[in-house]
Amino acid sequence: MDADLCFVIDCTGKEKKCAKANLLQENLFACNCVDYDDIPQFEVLDFTENINEFKDFLGKLTATGGGDDCEDVIGGLEKCVGLKWSSKTKVLFHIADAPPHNRMYHDGAGDNHPDDTKRDHTVVLRALQKKRNLRYYIGKLNDSVNKMIRVFKKTGYEMNLIVEEHEMPDVKNLFESVVRSVTDAINAIRVSKNRALIFMFFFLGVLFTTTLITKKMARRKKTDVGLLRGKRKRQSFKAFVGIDFGTDGTGVAYSFPEGKVYTSQKWPGRMLAEVKNKTNLLLDKDGNFVAFGQEATDRYTSSVDSSLEFYERFKMALYNNVPDEIDDGKYDDDTKEQDLEPYLTAANGKKRKTLDVLKQVFTFLREYVMNILKSTTLVERIEDVQWVITVPAIWSNTAKNSMREAAHRAGLISDSISDHLLIAFEPECGSVVARRYCHGLKKGDKYILLDLGGGTADIACHRVLDEKSVSQIYAPSGGPWGSTYIDDAFWGLLCEIFGREIMEEFKTKYSNEHVQLIENFKQAKHSYNPTSPDTPKIKTHKVSLEDIGKKVKEHKLKDKSGIFGFDKMVATLTLGHEGWKFLMDKVIDPLIKHISDLLAKPELRGCEAMLCVGGLSTSSYVTQRLRDVFVTDCKVIKTITKPEQPILAVMEGAALFGMTPSLIAEYVMMHTYGLKCARFWANSDGEEGKLWSEEDGRYIFEDGFEIFARKNTKLNVHDPPIVQYFQPLNRGATEIVIEIYCSDEENPKRCTDETLCARVSFQLPSDWWEGGDAEDKEIPIAFYFNRAEIQVKVELENYSDKERCMKIKWLKGV
21 MDADLCFVID CTGKEKKCAK ANLLQENLFA CNCVDYDDIP QFEVLDFTEN INEFKDFLGK
81 LTATGGGDDC EDVIGGLEKC VGLKWSSKTK VLFHIADAPP HNRMYHDGAG DNHPDDTKRD
141 HTVVLRALQK KRNLRYYIGK LNDSVNKMIR VFKKTGYEMN LIVEEHEMPD VKNLFESVVR
201 SVTDAINAIR VSKNRALIFM FFFLGVLFTT TLITKKMARR KKTDVGLLRG KRKRQSFKAF
261 VGIDFGTDGT GVAYSFPEGK VYTSQKWPGR MLAEVKNKTN LLLDKDGNFV AFGQEATDRY
321 TSSVDSSLEF YERFKMALYN NVPDEIDDGK YDDDTKEQDL EPYLTAANGK KRKTLDVLKQ
381 VFTFLREYVM NILKSTTLVE RIEDVQWVIT VPAIWSNTAK NSMREAAHRA GLISDSISDH
441 LLIAFEPECG SVVARRYCHG LKKGDKYILL DLGGGTADIA CHRVLDEKSV SQIYAPSGGP
501 WGSTYIDDAF WGLLCEIFGR EIMEEFKTKY SNEHVQLIEN FKQAKHSYNP TSPDTPKIKT
561 HKVSLEDIGK KVKEHKLKDK SGIFGFDKMV ATLTLGHEGW KFLMDKVIDP LIKHISDLLA
621 KPELRGCEAM LCVGGLSTSS YVTQRLRDVF VTDCKVIKTI TKPEQPILAV MEGAALFGMT
681 PSLIAEYVMM HTYGLKCARF WANSDGEEGK LWSEEDGRYI FEDGFEIFAR KNTKLNVHDP
741 PIVQYFQPLN RGATEIVIEI YCSDEENPKR CTDETLCARV SFQLPSDWWE GGDAEDKEIP
801 IAFYFNRAEI QVKVELENYS DKERCMKIKW LKGV
């Protein structure tokens with residue numbers, strides 16, 4: 021097929037030979053340089069299929085000018101408009117290492133024309149958009165063009181011109197980026213006949229062509245144009261509520277448009293339960309709500325009703341097999357993502373569906389929060405509240421979707437309200453608050469954020485963009501290294517000392533006392549200080565461990581004798597310093613290894629600080645271990661700091677995140693996502709999926725992986741969605757179903773059953789097929805990948821609720 025490929029490259033500088041032109045010449049590409057004061061400003065080599073003529077032209081190019089940091093980029097684009105674009109596929113590739121003149125395109129670059137009005141990017145981009153089927157790719161060589169890219173993307177989005185960014189740390193990555201861009205462009209249209217692919221190159225005045233042969237095709241009709249005209253719609257909410265739904269504790273923060281965040285609430289319960297409540301739930305035998313939080317613990321431990329269902333740490337249903345893997349040292353934190361288990365088990369052994377349990381929790385939180393908001397007289401309806409629920413970084417899309425489904429069943433959110441619920445990563449929200457307490461951070465600095473919670477330790481790696489926003493350096497990560505695993509290690513220690521059979525009998529026969537024992541251990545755990553001569557004691561309350569059986573065996577931990585003690589007179593367990601360190605190192609050691617691996621990555625070189633939030637970050641022993649390893653010994657970071665109340669950081673950040681989602685301005689993709697497409701077969705594809713096409717007269721490959729979002733690439737929160745136009749295969753169809761594929765590879769070639777990760781469905785209106793030609797009926801679908809949660813939206817013209825979210829059914833843990 022025919023394809024026009026036009027290159028725009030700045031080659032100003034003091035070098036006699038243009039370095040980029042030299043490299044491009046070696047790869048059959050070229051470049052030139054321009055600015056207002058450079059003569060000649062543009063040079064053109066017309067279309068040619070003569071490779072030698074093409075090379076000779078490149079060899080004669082020299083670098084000139086370069087009096088400031090900005091160049092006449094828009095002037096070069098104007099030259100592109102005047103080219104004889106003729107092919108069905110049109111690609112404009114801009115190798116960008118300098119912004120245009122005018123402050124609106126840069127943040128303080130050297131500019132001899134800072135108030136320039138000679139060029140208008142909107143005029144030239146609109147002219148390019150009129151070329152039809154043209155894609156504008158920007159290969160970014162440095163950060164000086166960040167603002168230009170944002171401006172161009174926004175304008176392109178508003179006028180239905182595809183403007184996409186390709187990060188190129190080195191111009192040597194050019195060939196790979198160009199091939200990827202042309203491939204994406206060819207895949208975006210239907211090809212029915214074999215034709216030559218014509219590449220046309222233009223470098224700010226350099227125009228030439230060469231001919232290559234390639235074949236690509238897509239079986240469904242589609243084209244990429246803008247979906248939602250203008251900016252992404254935002255609902256006007258009167259309040260923003262952040263819910264930190266933790267393994268051990270649940271907290272709520274709320275804010276109003278003026279910006280102040282409120283976190284102090286008093287929860288019901290005998291024991292002090294301010295700010296964060298226990299993530300415990302009590303139901304009756306029929307599954308009806310009884311109590312939540314500390315009140316649930318109090319009522320359960322004081323009740324003699326064995327039919328009551330007490331659920332604690334039920335968020336840990338995500339990690340049913342993790343503790344053994346930790347003990348075996350086999351946990352692969354780079355690849356594991358966790359799904360919700362379908363059923364949860366209460367303390368009395370009763371099983372209930374996970375979504376039913378979560379629904380009860382969100383119903384309680386809905387009523388609790390709405391009572392608070394209504395008391396302010398600022399909010400009356402739940403429709404005026406935006407909810408932000410935080411989740412661990414290692415949660416799968418399936419698990420995140422389960423939280424959304426439970427919130428919907430609880431009446432927390434409505435499908436008819438756009439962005440009524442946002443799902444946000446816990447470390448991202450913690451970062452929003454914690455960075456305020458590290459006053460030395462400036463633009464461009466990197467830091468690592470540790471959210472050390474109850475179930476997981478989540479890590480975010482950020483670079484400061486400005487006073488308010490940050491960019492992800494590396495995709496959020498983490499593992500099962502939260503404080504509750506220390507509780508599990510304590511229980512394992514008791515089983516090792518007294519015998520598992522006896523301890524399980526104690527847990528079953530005296531379930532109330534078992535719950536109280538673990539609660540006492542948690543309190544002692546948070547008060548442990550490695551520098552104190554005394555260690556915390558753990559009360560066993562009503563039932564002595566020795567009273568549950570007569571077969572208590574004598575035991576000493578191997579090589580750990582003396583760390584454990586038991587005083588049956590006062591029913592108190594004691595652990596020495598070695599004992600406490602033995603238990604806590606179970607989670608600290610793998611955490612330190614994971615952090616070390618992250619800091620060794622090239623993207624994190626020069627990391628300035630480590631910020632800590634979450635309940636476990638209040639532990640003086642944890643802080644000591646981190647400081648010893650990363651500040652004192654390795655000296656890989658300069659400082660470790662945390663907020664005044666680190667346990668509040670995630671919920672407070674969630675409320676702020678609702679008001680300003682752009683606080684996390686750029687996201688790094690964890691996976692590669694795309695759709696299945698048919699394309700022409702290549703030898704590297706193998707025999708499977710190879711089919712003969714009578715129409716095209718050659719073999720096609722029916723399982724091609726068409727990439728929408730690539731692993732490890734950055735997406736800006738303001739980026740427009742990926743838009744595809746779909747046609748139903750059968751006239752009269754009432755439902756649209758689209759399959760999404762996911763891969764851990766950056767450049768997957770083939771869609772398989774293993775990479776199928778989700779199905780997206782949408783019910784068509786009953787009168788959608790009426791009127792018009794069925795072959796002309798298309799449905800624009802928008803895919804949003806630039807947040808913690810993937811969203812898919814559909815827009816139907818001439819319908820009052822034309823913009824609607826599509827329901828995603830995730831098939832596996834990705």
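Residue numbers (our numbering): 21 to 834. Positions of the beta carbon are idealized from the N, C-alpha and C atoms, including for glycine.
- Rounded to the nearest angstrom, the gap between the Cα atoms of L619 and E448 is 18 Å.
- A685 sits buried, since 16 or more C-beta atoms from the chains shown fall within 10 Å of its C-beta.
- For R146, the enclosing alpha helix (DSSP H) covers residues 141 to 149.
- Take the alpha-carbon of I443 and the one of A544: they are about 33 Å apart.
- Burial is judged here by how many other beta carbons sit within 10 angstroms of a residue's own beta carbon; P768 has at least 16 and is buried.
- By the Cβ criterion, the stretch 708 to 728 is not in contact with the stretch 513 to 526, since fewer than three pairs of Cβ atoms, one from each stretch, lie closer than 8 Å.
- The alpha-carbon of V642 is positioned some 30 Å away from that of F312.
- The three-state secondary structure of C100, taken from DSSP, is helix.
- Between the stretch 663 to 670 and the stretch 688 to 705 there are fewer than three C-beta pairs closer than 8 Å, too few to call the two in contact.
- Measuring C-alpha to C-alpha distances from A426 to each of G450, R386, K394 identifies R386 as the nearest.
- The Cβ-Cβ distance between G474 and S497 does not fall below 8 Å.
- Taken through DSSP and simplified to helix, strand or coil, P681 comes out as helix.
- Taking the Cα positions, H614 is about 13 Å away from V649.
- G724 is bridged by DSSP to C697, R770.
- Under the DSSP definition of a beta bridge, E184 partners with Y157.
- Boundaries for M604: no beta strand (DSSP E) harbours it, while the alpha helix (DSSP H) harbouring it runs 597 to 619, taken from the DSSP string.
- Per DSSP, K542 lies in no beta strand (DSSP E) segment; the continuous alpha helix (DSSP H) that holds it begins and ends at 531 to 547.
- With the rule of 3 Cβ pairs closer than 8 Å, the stretch 463 to 470 counts as touching the stretch 620 to 630.
- G498 has D478 as its beta-bridge partners, per DSSP.
- If you look at P800, you'll find it isn't in any alpha helix (DSSP H); it sits in the beta strand (DSSP E) that goes 799 to 804.
- For D264, the beta-bridge partners assigned by DSSP are G271.
- Counting C-beta pairs with one atom in each stretch, the stretch 118 to 136 and the stretch 156 to 171 have three or more that are closer than 8 Å, which means they touch.
- Taking C-alpha positions only, N421 is separated from D140 by approximately 44 Å.
- Under the DSSP assignment, T383 falls outside any beta strand (DSSP E), being part of the alpha helix (DSSP H) whose first and last residues are 374 to 395.
- Contact between L364 and F334 holds, with the beta-carbon distance rounding to 5 Å and staying under 8 Å.
- Among the bridge pairs identified by DSSP, Q744 is matched with I801.
- Ranked by how close their Cα comes to the Cα of Y156, the residues I182, K373, S438 have I182 in first place.
- Spanning the alpha carbons of D439 and V310 requires a straight line of approximately 31 Å.
- Under DSSP, the beta-bridge partners assigned to K827 are S781.
- Residues P362, Y363 of the same chain have their beta carbon placed closer than 7 Å to that of K373, with the five preceding and five following residues left out of the count.
- Taking a 10 Å sphere around the C-beta of L398, we find fewer than 16 other C-beta atoms and assign the residue as exposed.
- Assignment of W407 by DSSP, reduced to helix, strand and coil, places it in the strand class.
- Collapsing the DSSP output to three states places F309 in a strand.
- Membership of L441 in the beta strand (DSSP E) is indicated by the continuous run 441 to 445.
- Here E187 is exposed, its C-beta having fewer than 16 other C-beta atoms within 10 Å.
- Using a Cβ-Cβ distance cut-off of 8 Å, the stretch 758 to 768 and the stretch 651 to 660 are not in contact, since fewer than three pairs of beta carbons, one from each stretch, lie closer than that value.
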